[in-house]
Amino acid sequence: MLEIQGLHVKVGGKEILKGIDLVIRPGEVHAIMGPNGSGKTTLAQVLAGRATYDYFLKAALNAIRKYRGLDEIDAMDFMTLVQDKAKLLNLDETFMKRGLNEGFSGGEKKKNEVFQMAVLEPKFCVLDETDSGLDIDALRLVSNGINTMRSPTRSMLDVTHYQRLLDYVAPDYVHVLVDGRIVKSGDADLARNLEKHGYGWILEEAPRPAVRA
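Shown next as structure tokens:
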């Protein structure tokens, strides 16, 4: 599904990602965790293809359908699809009539991201701190929407700072990113250890870059 070898990324002349190696197979859910400034968001943006312009949702969906050799969806069928997907996240009609993220709270933006993912049904999903701005009820609702999309052919990468999202969307693998490098990988127990003990022990174990003379 996805294989990354030696990914390096510079932003404004500063190297943020310093050699990322990662393999995500079909049906797997991987989580990326790490302290602030470790490069998590940069990795998510690179994998998602940071957009410089917006697509309307229907146009984006039809572009995907065309790529998959399917007929374009008409307006009536699109509205039926959208209404069905909106029910997953308990979105009301007023939400549907607003512009993209127009006047949305942080939590509403996260709901909107998962809603768009449910409509477009990508084979590979990148979730960047989806739990940010969500109260416990909204987190459960959004997590349920994510879990309904899990399938043997769809892979996901959850980028998160905290364990709480992973309590609801259980990962197959957890990777810890420190200073632009993946320094430790494991199963869901690794995330629980981070929640309990913090990142200090990881930082102590992380290999330090060689200093040039």
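Per the numbering used here, the very first residue in the sequence shown carries number 28; after that it's consecutive. Where a beta carbon is used, it is the ideal one built from N, C-alpha and C, also for glycine.
As computed with DSSP, Y200 is found in a beta bridge with H57. Counting only the Cα atoms, I173 lies some 11 Å from V153. Comparing alpha-carbon positions, the option among L88, D216 and L49 lying closest to L147 turns out to be L88. In the structure shown, L97 adopts coil according to DSSP, grouped into three states. Contact annotation: V109 and L70 have beta-carbon atoms that are not nearer than 9 Å. Contact between A218 and A58 holds: CB atoms are separated by about 6 Å, below the 8 Å threshold.
Residue range L29 to V38 is occupied by the beta strand (DSSP E) that includes Q32.
Here E231 is exposed, its C-beta having fewer than 16 other C-beta atoms within 10 Å. Restricted to the stretch 162–200, the alpha helix (DSSP H) segments that are unbroken, complete and at least 4 residues in length are 163–175 and 191–195, listed in chain order.
Beta bridge pairing from DSSP links E42 with K37.
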